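Working notes, structure below.
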Amino acid sequence: MVLVAVAFILTFVGSGAVSMPALTQGQAQITSTFQDNVLTVSVKNAFDLTGFQFAVNYNPEVLELGRFEPLLPIEEGAFLNNNGAEETFFTYSQENEPGLIKGIVAARLGKKPGVKGSGELAKVYFTAKGEGNPEISISGSIITNSAAEKVPHQVMPVEIGEQAQQPATQNAPGFDFTLALVAVVVIVAIAVFFFVAKK
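Residues in the sequence shown are numbered from 10 upward in steps of one, following my numbering.
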C-alpha cells in the first residue's frame, strides 16, 4: 500500500499547483521559513502522513540553487522517519529551470503506519547572487496518507527572515582601488627621489 503511495506521488512530479480548500480546524498545513538562504519546509497537524511532494519557486536574479560542493542542495527532513519507518524514499528533480525546482518528493517505505503531528519535511539550500526580493514560494503541493489518498491541506506563505550576506566582490561605489594604488606608488617614488637627492 505504501509503495502505491510512492507511485501515486511520483505521477505528480512537475505538475502545476493544486487548489486546496480553505483551512479548517485540525487540517494539515505546510509551513516554511527562509533564513540565511536556507528554505525549511515543515508540516503541522499531520495525520497518517506517508508522503509529500512540492515545487519551489524563487527569483533567479537573487538566488541560485546549491551550496559548496560536495554538499547536496536539498536534504530530507526527519519527520517521515518518525514512528519507526524502515526507510524512506526521497528524491528531487534534476531537470529544473531557473527560478523553479520542479519536484521534491518523499514517501515512507515498509509496513509502518503514517506519521502524525508536526515536523520538518525538507531543507533547500541557496546561494545569494544579487540583491532584491527572493520571491520564494511553495507550489504544487501534495500530501498522501496510507491509503494513497491526497490529504486536504493548506500551504502557508513563506516567512522571510534575515539572509546571509553575499560576499563582497567589488569595491565600494565611488572608490577606485586602482587609482588609489597608483597614487601610493607615486608618493613613495617621490619620497625616495627626495631622499636620494639629499644624499
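For each residue, glycine too, the CB sits at the ideal point set by N, CA and C.
Just so you know, these numbers come straight off a predicted model, no measurement behind them.
Looking only at Gly149, Lys138, Glu171, the smallest Cα-Cα distance to Gln163 is reached by Gly149. Excluding the 5 residues flanking it on each side, Glu96 has same chain C-beta neighbours closer than 6 Å at Leu118, in chain order. The Cβ atoms of Gly123 and Glu70 do not sit closer than 9 Å to each other. Straight-line spacing of the CA atoms in Phe61 and Ala116 works out to 7 Å. Contact check for Lys53 and Ser127: beta-carbon distance about 4 Å, within the 8 Å limit, so the pair qualifies.
DSSP places Phe77 outside both helix and strand once states are collapsed to three, so it counts as coil.
Under DSSP, the beta-bridge partners assigned to Ala137 are Leu72. A direct Cα-to-Cα measurement between Gly139 and Ile39 gives close to 28 Å. DSSP places Asn46 outside both helix and strand once states are collapsed to three, so it counts as coil. Ala87 sits exposed, since fewer than 16 C-beta atoms from the chains shown fall within 10 Å of its C-beta. When beta bridges are read from the DSSP output, Val52 appears opposite Ile39, Gly128. Between Lys159 and Ser51, the alpha-carbon positions lie close to 17 Å from each other. Closest option to Ile151, judged by alpha-carbon separation, among Phe63, Leu81, Asp45, Leu48: Phe63.
In the structure shown, Asn105 falls within a coil segment according to DSSP collapsed to helix, strand and coil. One Cα belongs to Ala137, the other to Pro82, and the distance between them is close to 13 Å. Contact between Val47 and Lys132 is confirmed by a C-beta separation of about 6 Å, below the 8 Å threshold. When beta bridges are read from the DSSP output, Ile110 appears opposite Val65.
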